[in-house]
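See structure below.
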Amino acid sequence: MRDDRTWNVEMVHEWFNWSDAKAILNIQLPVDDTRDAWMWMGEPSGLFSTKSACRSVKGITHTTPADAKWKFLWTSKIHPRLKLIWWQLERDAFPTRGKIAQFMELNDVCCPICGEDVETIFHLLWKCNLAKAIWFNSPMGLRAELVDVNCWEHWKNWFKVDFNRPQNLTFQEILITALCVAETLWSERNSIVHSQSRCPPQKVLLNVNNKIRDHLKVACNEVTEFCEWRPPPDSWLCCNCDISVDEEGVVLATVVRDDKGNIVTIKTERSLSTDPLIGEGLAVCMAADLMHKMRVKNVIFQSDNMEVATDLSMESGKDIHFKLTDIRKRFHQLCSQFTGWGIGHVNRRCNYMAQNVAAWARETRRIGLTKPTDMDPTVLTDYIEWRCYLRWSGFAFFGNGLNSGMVNHSR
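Residue 1 is where the sequence shown starts when you use full-length UniProt numbering, and the numbers rise one by one after that.
This is the structure:
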């Protein structure tokens with residue numbers, strides 16, 4: 001390490017192999033004296049947890065298919081009532097006669113609706129005569145007997161394939177239909193078993209089709225995300241930040257605009273870090289350093305990486321991703337010089353200008369302060385990805401984005 005608290009890159013490469021040198025150079029050195037401390041690498045916060053220790057002992061280093069299945073279930077845009085039905089299907093948790101018969105003797109294990117087969121939840125969903133009638137009389141007009149599937153998992157895998165679904169029908173739509181059928185048939189089954197009461201088939205068909213229609217409306221009633229870059233308040237500047245990664249490290253980029261939306265300046269910088277998260281944080285720090293040198297009073301920083309925008313907005317002392325700890329400290333030191341400042345998350349689709357600038361600088365190897373007139377005009381747009389670099393190289397990483405709020409700080 002040099003006296004200016006930067007890595008001696010030549011010495012690191014001389015003493016360590018390539019992979020170790022890469023890992024070392026990704027470590028962000030603190031800006032002032034900091035005591036050494038233990039850090040648990042199994043958690044982003046660097047703090048030990050029993051859960052991560054168990055995962056480490058079991059050798060689980062990534063999300064398992066089961067984890068992905070549950071995440072898909074609970075994050076889907078369907079009504080919570082149907083999510084519960086879905087969860088019960090995944091767990092095979094319905095107390096059907098076929099299920100109970102595995103643990104105790106029953107006089108009758110046949111379906112109480114049709115009486116033709118052992119009652120299982122999949123039979124009620126797909127094989128039962130009433131279920132077949134519902135599927136055929138649904139808006140999809142599906143003939144269940146023509147689809148040879150024998151369990152819920154097989155059913156899902158079959159209909160996830162576009163070719164196996166009716167034209168212009170999404171998997172979510174057919175999934176919602178299946179969950180409505182399962183809920184309706186389970187209710188009808190319970191009515192027969194516990195109340196000895198049957199609902200006329202025509203009424204069942206009407207009820208389930210109304211249910212399907214309502215739940216499809218719920219799932220499709222998504223608010224269209226409004227994505228537009230907007231200028232900062234009067235007398236403020238806005239710095240949009242992003243990166244482009246290659247084998248040599250990351251290119252940091254920031255585009256600075258005034259309250260009229262005019263570009264004030266553009267800056268790019270090379271970093272030896274190859275970690276995208278660190279790079280995104282360094283890009284915001286670079287922008288803050290630039291604003292400090294320009295003696296700007298009020299400034300807003302925008303990043304399309306949710307974790308960076310969130311962690312850098314947090315006060316010192318609060319747990320954040322350990323990779324961003326020293327970056328946050330440096331960022332807050334710089335921001336303490338401003339009269340007012342804020343950092344927020346911007347949708348990636350509104351942040352293409354910063355992303356394009358990073359990619360352009362990487363391809364042209366032009367680093368530093370750049371005038372807009374010196375750049376390809378197609379780079380300087382918020383809503384269209386610069387396509388030229390894609391023809392030259394496909395090795396690039398950019399930040400994520402979902403719409404979020406802005407955290408403002410002023411004094």
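In this text, a Cβ means the ideal position worked out from N, Cα and C, and glycines have one as well.
Quick caveat: nothing in here was measured; it's all calculated off a predicted structure.
- Item | For K260, three-class secondary structure by DSSP | Numbered from its first residue, the sequence shown carries residue 260 at position 260. Residue state, collapsed to three classes: coil.
- Message: Applying the 10 Å Cβ sphere with the 16-neighbour rule, what's the burial state of R366?
- Response: Stepping through the sequence shown from its first residue, residue 366 is reached at position 366. Taking all protein chains shown into account, R366 has fewer than 16 neighbouring C-beta atoms within 10 Å of its C-beta and is therefore exposed.
- What three-state label does DSSP hand T184 in the structure shown? As a position in the sequence shown, residue 184 is number 184, starting the count at 1. Note: T184 maps to helix in three-state DSSP.
- Item | Expected contact under 8 Å - CB spacing of N240 and Q302 to nearest Å | Your numbering for residue 240 matches position 240 in the sequence shown. Your numbering for residue 302 matches position 302 in the sequence shown. With 8 Å as the limit, N240 and Q302 qualify as a contact, their Cβ atoms being about 5 Å apart.
- Item | As assigned by DSSP and simplified to three states, the class of H149 | As a working note, residue 149 is residue 149 in the sequence shown. First, the amino acid is wrong: residue 149 is Val here, not His. Residue state, collapsed to three classes: coil.
- Just confirm the distance between the C-beta atoms of R5 and L25, as a whole number of angstroms; I'd bet it's less than 8 Å. Along the sequence shown, one-based indexing puts residue 5 at 5. Along the sequence shown, one-based indexing puts residue 25 at 25. Incorrect: roughly 14 Å between the Cβ atoms, too far for contact.
- How do the segment 349-364 and the segment 372-382 stand: do at least 3 beta-carbon pairs fall below 8 Å, yes or no? yes
- Classify N190 as helix, strand or coil using the three-state DSSP reduction. One-based indexing of the sequence shown puts residue 190 at position 190. Reduced to three states, the DSSP call for N190 is helix.
- Proximity below 8 Å, CB of V204 to CB of T184: Counting from one through the sequence shown, the residue named residue 204 turns up at place 204. Counting from one through the sequence shown, the residue named residue 184 turns up at place 184. Closer than 8 Å, so yes.
- Could you spell out the range, first to last residue, of the alpha helix (DSSP H) harbouring G281? The residue given as residue 281 occupies position 281 in the sequence shown. P276 to K293 is the extent of the alpha helix (DSSP H) around G281.
- Please determine, among L252, T120 and D258, the residue with the shortest C-alpha to C-alpha distance to P232. If you number the sequence shown from 1, residue 232 lands on position 232. When only C-alpha atoms are compared, the closest one is D258.
- Query: Taking C-alpha atoms, which residue in G141, M140, F122 and F171 lies nearest to N150?
  - Reply: Position 150 of the sequence shown, counted from the start, is the residue given in the question as residue 150. Ranking the options by Cα distance to N150, first place goes to F122.
- Message: Below 8 Å on the Cβ atoms is my contact criterion, and I expect S191 with C199 to pass it. Report the Cβ-Cβ distance as a whole number of Å.
- Response: Counted from its first residue, the sequence shown places residue 191 at position 191. Counted from its first residue, the sequence shown places residue 199 at position 199. Between C199 and S191 the Cβ distance is about 7 Å, and since that is below 8 Å, they are a contact.
- Among D162, F338 and C285, the one whose alpha carbon lies nearest that of W236: On the sequence shown, position 236 is the one that residue 236 refers to. Taking only the C-alpha atoms, the option nearest W236 is F338.
- Task: Could you name the residues that DSSP lists as bridge partners for W74?
- Result: Along the sequence shown, read from residue 1 onward, the residue named residue 74 stands at position 74. DSSP output for W74 lists no bridge partner at all.
- Message: Do G340 and A309 count as a contact pair if the criterion is CB distance below 8 Å?
- Response: What you label residue 309 is simply residue 309 of the sequence shown in a count that begins at 1. What you label residue 340 is simply residue 340 of the sequence shown in a count that begins at 1. No, the pair does not count as a contact, with Cβ atoms beyond the cut-off.
- Are the segment 320-336 and the segment 268-279 touching by the rule of at least three beta carbon pairs closer than 8 Å? When Cβ pairs closer than 8 Å are counted between the two stretches, the segment 320-336 is seen to touch the segment 268-279, the count reaching three or more.
- Message: Going by the DSSP bridge assignment, what does T370 pair with across the sheet?
- Response: For the purposes of this step, residue 370 is identified with residue 370 of the sequence shown, where counting begins at 1. Per DSSP, I266.
- Decide if Y383 is buried, meaning its Cβ has at least 16 other Cβ atoms within 10 Å, or exposed. As a working mapping, residue 383 is identified with position 383 in the sequence shown. It counts as exposed.
- Task: For G98, count neighbouring C-beta atoms within 10 Å of its own C-beta (all shown protein chains included) and say buried if the count is 16 or more, exposed if not.
- Result: Numbered from 1 along the sequence shown, position 98 holds the residue referred to as residue 98. It counts as buried.
- Query: Could you give the residue range of the alpha helix (DSSP H) that holds D326?
  - Reply: Stepping through the sequence shown from its first residue, residue 326 is reached at position 326. Unbroken alpha helix (DSSP H) run through D326: T325 to C335.
- Query: Just checking, does the segment 203-218 make contact with the segment 77-85 on the three C-beta pairs under 8 Å criterion?
  - Reply: Cβ pair count under 8 Å is three or more, so yes.
- Taking C-alpha atoms, which residue in C335, K329 and S313 lies nearest to residue 438? The question about residue 438 has no answer, for the chain in this structure spans 1 to 411.
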